[in-house]
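**Q**
Residue numbers (this note's numbering), protein chains in the order written: chain G, 220 to 541; chain E, 220 to 541; chain P, 220 to 541; chain B, 220 to 541.
#1: Going by CA-CA distance only, name the one from G:330, G:322, G:357, G:432 that's closest to residue 335 of chain B.
#2: Using beta-carbon positions only, say whether residue 496 of chain G and residue 360 of chain E come within less than 8 Å of one another.
#3: Between which two residues does the beta strand (DSSP E) harbouring residue 424 of chain B extend?
#4: Compare the C-beta of residue 341 of chain G against all C-beta atoms of chain E and say whether one is closer than 8 Å.
#5: Are the C-beta of residue 430 of chain B and some C-beta of chain G separated by less than 8 Å?
#6: Alpha carbon to alpha carbon, how far is residue 529 of chain E from residue 263 of chain P? Give it in angstroms, no decimals.
#7: Mind checking residue 521 of chain G: buried by the 16 CB within 10 Å criterion, or exposed?
#8: Quick check on residue 529 of chain B: does DSSP put it in helix, strand or coil?
#9: Which same chain residues end up closer than 7 Å to residue 325 of chain G when comparing Cβ atoms and leaving out the 5 residues on each side of it in sequence?
#10: Using a Cβ cut-off of 8 Å, pull out every chain P residue sitting near residue 265 of chain B, in sequence order please.
#11: Of the residues E:459, E:500, E:301, which one's Cα is nearest the Cα of residue 483 of chain E?
#12: Measuring only between beta-carbons, confirm whether residue 536 of chain P sits less than 8 Å from chain B.
#13: Closer than 7 Å, Cβ to Cβ, to anything on chain G: give me those residues from the segment 490-504 of chain B, in chain order.
#14: Counting only C-beta atoms, is residue 382 of chain G closer than 8 Å to chain E at any point?
#15: Within 10 angstroms of its Cβ, does residue 301 of chain G collect 16 or more other Cβ (buried), or is it exposed?
#16: List, in order along the chain, the chain P residues whose C-beta lies closer than 9 Å to that of residue 329 of chain E?
#17: Can the beta-carbon of residue 452 of chain E be found less than 8 Å from the beta-carbon of residue 401 of chain E?
#18: For the alpha helix (DSSP H) that residue 503 of chain B lies in, which residues bound it at each end?
#19: Measuring only the C-alpha atoms, how far is residue 559 of chain B from residue 346 of chain G?
#20: Whole angstroms are fine: how far does the CA of residue 387 of chain E sit from the CA of residue 425 of chain E?
#21: From what residue to what residue does the alpha helix (DSSP H) around residue 474 of chain B run?
#22: Between the alpha carbons of residue 296 of chain P and residue 366 of chain G, how many angstroms are there, rounded?
#23: Looking at the secondary structure, which residues open and close the beta strand (DSSP E) in which residue 359 of chain E lies?
#24: At a CB-CB cut-off below 7 Å, which residues of chain G make contact with residue 539 of chain E?
#25: Helix, strand or coil: which one does DSSP assign to residue 307 of chain E?
#26: Could you check what DSSP says for residue 482 of chain G in three-state terms: helix, strand or coil?
#27: Could you give the distance in angstroms between the alpha-carbon of residue 437 of chain B and the alpha-carbon of residue 289 of chain P?
#28: Out of curiosity, what's the CA-to-CA distance linking residue 391 of chain B and residue 466 of chain B?
#29: Select from the segment 345-369 of chain B all residues with a C-beta closer than 7 Å to any C-beta belonging to chain P, and list them in chain order.
#30: Along chain G, in chain order, which residues have C-beta atoms closer than 8 Å to that of residue 374 of chain B?
#31: So with CB distances below 9 Å, who are the chain P contacts of residue 415 of chain E?
#32: Comparing the C-beta of residue 449 of chain P with each C-beta of chain B, is any distance below 8 Å?
#33: Taking only beta-carbon positions, decide if residue 521 of chain P is within less than 8 Å of chain E.
#34: Going along chain B in order, which residues have a C-beta closer than 7 Å to the C-beta of residue 166 of chain G?
#35: Apply the 10 Å Cβ neighbour rule to residue 403 of chain B and answer buried if 16 or more other Cβ atoms are within range, or exposed otherwise.
#36: So with CB distances below 7 Å, who are the chain B contacts of residue 281 of chain G?
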């Protein structure tokens, strides 16, 4: 029979391969959170190369709007200054149209001619009349089309980047559940988009001190009552029943705090508007644990029989009867 | 042996994790349908924030065509009014070209110059001749390229958004099946696109009244005879054999109605044209249940040996022999 | 023990849900192939609606290049004829620039002005000088940008549509395999793209005649020795060992032909260039069956130790030793 | 009991279908590596067709930047030469604006007019004044918009192509693990992007010589301690415990070298910036094997409690204590 069970054990292992949260043991010795409020990892990367971990497209898509516009406008300016100087260097006799009397006026005329060429506006009030000026202008118009493709593409890429705005309950609660208790948090979709096939994965990390006083960081992916839902119109209480296999089993709130417990959440779903899979991450630290309460329902049916979901109520709780 | 079976039980649970339709128990107390005819959720969302659940890209992609064009044209108008006033405020002496004799004509000239710059048409019949006018025009041409990227991108996004046009049978039927009976509905692809790897997931929701007269809403994902098909050229009868595990087991049509049963369908497949996964949702209420019939085949082979699929026949049924 | 096995049976059933090729039984009574050479389904669809199964984006992406260019050029022409007439109707006095002496010349000038506006070229040799002409031109430039977004987007959509060019062996062979035999076909990637995580799914369909002489069409998804490969640099012999569970077990070539056997293949993989999943379909009929041969290897290592894959040799076979 | 185990065996086989690395046995007889340093396959493809394995979009996306720009600029030049000759052939009388006195000057004027039309700059200093010239210019502006859609689309496609920059340890090590030993390599994400749901698949290929001295190439997908991690902020030591099922079991480093062992790695994950799945490939040859060491941790927590990941330390190792 033992043999049979070990075969079964292997089936289990193969069916659901072990998963690790991707933090090597030991990387959690610090006091800072592992995941920031915006879902990014709270860490620095040294690559030993200048700009080693910067990839231009990544940067254009993920940087702040201020930095994005500054960089795009700078590029526009620099291009026009360079081509403006080129036209100015060639001389006014290469262009028809008013080019100004002073040298500075002539340069500005060239600069504005460059702008009109780079954007392909081409009023024609200034226009190249010699071969050399025409060649440079033909090149700039070509470059303008190609470069604006990157600028407008990245703008639209930022604009249309699949986002999720999942509202997480501010607290993680320990609520009565069946004969024992369960760890729960609540999530809801803030957007009017339709999320489908939501999956939740929850990992707990904690510190353990061995006989020699050396502290190491441990990880466990915890079992959820339900880890996948087909549709996600309202809210979802993600529920981890604390059974004997759970690291939280038999622990008091005090012990959980001493273990420097951190709960990592990864949500995944399909967004109907973007036609893409979106992800959402969150971590909870022990200050956010509340004991012996249960979540209030954040939705109700109004008099017209219509379902009303109140996002502001997500995470509200009341004392559990026990 | 018990131990062995419980291990097995856990394998099952791990292999097919429980799935919930994402409606917390209790959200179904109202009388309205949960899923609208167009597949959207029939509900409202309160976020406590102005425009809290509006995300611009989402809105541009999913709003009606009327609202979409109104908003894009408005943006075009507003931009040109703003820049038109700017040019008008600078004064006619900054531009060559006819600018009109009256003030209103001058403004309109400036407005049209703005249009010609914003769209990068740039006829040149009106053109900036001073530095200040040139700077503003250079800025507007740049903005025009960037903003039209959002406008044209969202237009193409709407245009190319993966859609599915799955035809559902108007009724759900209870047909004789093997020794018992089965709940069935029929689906077919209305488009000439090629759908592959179709998956169906069917949930039933019903009301249960406990001893205290308190009604709660229950959910069950039901077992299907076949829940995945590799190719989907014709029609597919999704078939739920009503065995002892089914909530419908042994129930009469009257009982099913009293339970306020609702059937939720989620279909998923890969569309060859979009190269993307598409989803389709549908719900059936008890008025759509028909007892003791079976579906007619909606396709036939014509004299040339060619398969003819008649979408208009999807959902037609005849009395079942037994 | 029986009970244990039935639980196990259910694990199996749940782990690998039954799959059907999506052709309802009976749809195969005709003589024509089910899948065309280009991978599309060989069938017609009746929708009972005018243009019921046409979806504009689908059409623009999948129609022939001839029809595509004809429709795009037509749209360009029609737009310019409409706007050209509008400008012509307004009268020559609304524009500066040469507008011709005859009426037909005037119309053509208006038509070309429309072209210059719609494409945002805007030479300015013809330009609107009145408010009414300017309004229409501003509208046309706006429309031009929006409409060309659909035209250029669909052109790029066609151009960048993920394709697969999988070379299939011209024949399906029955080769000796271990103690018995196996049904095999060979596939290779014609493109230099990198395909990964290839999966194959093979269904066999055949006719069965019951005691009453009524013929029905049956389906079976057959077991493959290997149904998924991590990388796909050279060729892959997809191998179905004919064991007792296979419908081909113990059948002669004559019997297979009488059963009107058809083999359906669905391949799926991830293309590194497109960063997308691609699919490929193929069907084999009984004329393509060859008995008692084995495939030749279509690759070799040259003197420099470099692997040479010869696509032209895919599907070549030699008599099997036994 | 045997029967029970064989049923179980089949469950296992069905749950995790056999996977092959996609190199047919025998394709590894050469001495060259199978996977190049850049992750591409080290091989040639013969298709028997001119340009048979070239697909234009593939080529534009994957060719070098030099070849890409050469081909785009060439296309721009060729188009303008062709249209320039067309305008020149029509004659100077079809255009207003300075067209030069010599024939060569006239051609260049036409060429530059073509550039101004193709890019839709349209200064208007040269403009068509006859019907025939206007028709050709209207066509060229239309073509320009369509063709630049392909040029700018492919530029943005190259620019935004999902990439991964996974840092692999330079060596594969055999480290002590539990009672035995394990084969390990280390990976880390060089970019600041967020990778999630990383999966690793490792195959070993080796040569085996049979009694007749004929050498054949064998493959095995090896078992990993953990083959999937939910998040990937720091580094990941992919760990293959060498148990009895492993081909490396009981082998010395000398034997591993004589077997011409090659280790193939396929990594897969979801990139948050691209919202897409990315893949990374690597192969290790026997020169990269190191025995009896263990990897150093490439990250530490600084005084501010912040996690510092040092990419330059990925792959550093120290002698294993035992």
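We put the beta carbon where it would ideally sit given N, CA and C, even for glycine.
**A** According to the structure data:
#1: Start at 1 with the first residue of the fourth chain, and residue 335 of chain B comes out as number 116. Minimum Cα distance to residue 335 of chain B is reached at G:357.
#2: The sequence position of residue 496 of chain G within the first chain is 277, counting from 1. The sequence position of residue 360 of chain E within the second chain is 141, counting from 1. Cβ atoms of residue 496 of chain G and residue 360 of chain E: not closer than 8 Å.
#3: Residue 424 of chain B sits at position 205 when you count from the first residue of the fourth chain. Note, residue 424 of chain B: beta strand (DSSP E), 414-428.
#4: Along the first chain, one-based indexing puts residue 341 of chain G at 122. Interface residue, yes.
#5: Stepping through the fourth chain from its first residue, residue 430 of chain B is reached at position 211. No, residue 430 of chain B lies away from the interface with chain G (no Cβ there is under 8 Å from its Cβ).
#6: Locating residue 263 of chain P in the third chain gives position 44, where the first residue counts as 1. Locating residue 529 of chain E in the second chain gives position 310, where the first residue counts as 1. Residue 263 of chain P and residue 529 of chain E: Cα-Cα distance of roughly 8 Å.
#7: The residue labelled residue 521 of chain G in the question sits at position 302 within the first chain. With fewer than 16 Cβ atoms within 10 Å of its Cβ, residue 521 of chain G is classed as exposed.
#8: Walking along the fourth chain from the start, residue 529 of chain B turns up at place 310. Note: residue 529 of chain B maps to strand in three-state DSSP.
#9: Mapped onto the first chain, residue 325 of chain G falls at position 106. Around residue 325 of chain G: 307, 311, 318, 319.
#10: The sequence position of residue 265 of chain B within the fourth chain is 46, counting from 1. 527, 528, 529, 530, 531, listed in chain order.
#11: Mapped onto the second chain, residue 483 of chain E falls at position 264. Selected option, being the one with the closest Cα: E:500.
#12: Looking up residue 536 of chain P in the third chain gives position 317. Chain B contact via Cβ: absent.
#13: 491, 492, 494
#14: Residue mapping note: residue 382 of chain G aligns to position 163 of the first chain, counting from 1. Cβ-Cβ to chain E under 8 Å: yes for residue 382 of chain G.
#15: Translated into the one-based positions of the first chain, residue 301 of chain G becomes position 82. Exposed, because fewer than 16 other Cβ atoms sit within 10 Å of the Cβ of residue 301 of chain G.
#16: Translated into positions along the second chain, residue 329 of chain E becomes position 110. Going along chain P, no residue has its Cβ under 9 Å from residue 329 of chain E, so there is no contact; the nearest lies around 11 Å.
#17: Taking the second chain and counting its residues from 1, the one referred to as residue 452 of chain E is at position 233. Taking the second chain and counting its residues from 1, the one referred to as residue 401 of chain E is at position 182. Cβ distance not < 8 Å, so residue 452 of chain E and residue 401 of chain E don't count as in contact.
#18: On the fourth chain, residue 503 of chain B is found 284 positions in, with the first residue counted as 1. Segment 495-504 is the beta strand (DSSP E) holding residue 503 of chain B; no alpha helix (DSSP H) there.
#19: Nothing about residue 559 of chain B can be reported from this structure: the residues present for chain B run from 220 to 541 only.
#20: Along the second chain, read from residue 1 onward, the residue named residue 425 of chain E stands at position 206. Along the second chain, read from residue 1 onward, the residue named residue 387 of chain E stands at position 168. Going by the C-alpha atoms only, they are around 22 Å apart.
#21: Taking the fourth chain and counting its residues from 1, the one referred to as residue 474 of chain B is at position 255. Start and end: 472-477.
#22: Indexing the third chain from 1 puts residue 296 of chain P at position 77. Indexing the first chain from 1 puts residue 366 of chain G at position 147. Straight-line Cα distance between these residues: approximately 30 Å.
#23: Along the second chain, one-based indexing puts residue 359 of chain E at 140. It is not in any beta strand (DSSP E) - residue 359 of chain E instead sits in the alpha helix (DSSP H) that spans 350-379.
#24: In the second chain, counting from the first residue as 1, residue 539 of chain E sits at position 320. Near residue 539 of chain E there are no residues of chain G at all, since even the closest Cβ is about 30 Å away, more than 7 Å.
#25: Your numbering for residue 307 of chain E matches position 88 in the second chain. Residue state, collapsed to three classes: helix.
#26: Translated into positions along the first chain, residue 482 of chain G becomes position 263. Reduced to three states, the DSSP call for residue 482 of chain G is strand.
#27: For this step, residue 437 of chain B is matched to residue 218 along the fourth chain. For this step, residue 289 of chain P is matched to residue 70 along the third chain. Rounded to whole angstroms, residue 437 of chain B to residue 289 of chain P spans 55 Å at the Cα level.
#28: Your numbering for residue 391 of chain B matches position 172 in the fourth chain. Your numbering for residue 466 of chain B matches position 247 in the fourth chain. Taking the straight line from one Cα to the other gives about 16 Å.
#29: 346, 348, 350, 353, 357, 360, 361, 364, 365, 368, 369
#30: One-based indexing of the fourth chain puts residue 374 of chain B at position 155. The contacting residues are 365, 368, 369.
#31: In the second chain, counting from the first residue as 1, residue 415 of chain E sits at position 196. The answer, in chain order, is 241, 485, 487, 498, 500.
#32: Here residue 449 of chain P corresponds to residue number 230 of the third chain, with the count starting at 1. By this cut-off, residue 449 of chain P is an interface position.
#33: Residue 521 of chain P sits at position 302 when you count from the first residue of the third chain. It does not; no Cβ of chain E falls within 8 Å.
#34: Because chain G here runs from 220 to 541, residue 166 of chain G falls outside it and cannot be looked at.
#35: Within the fourth chain, residue 403 of chain B is the residue found at index 184, counting from 1. Per the 10 Å Cβ criterion, buried.
#36: Looking up residue 281 of chain G in the first chain gives position 62. Near residue 281 of chain G (Cβ distances below 7 Å), the residues of chain B are 492.
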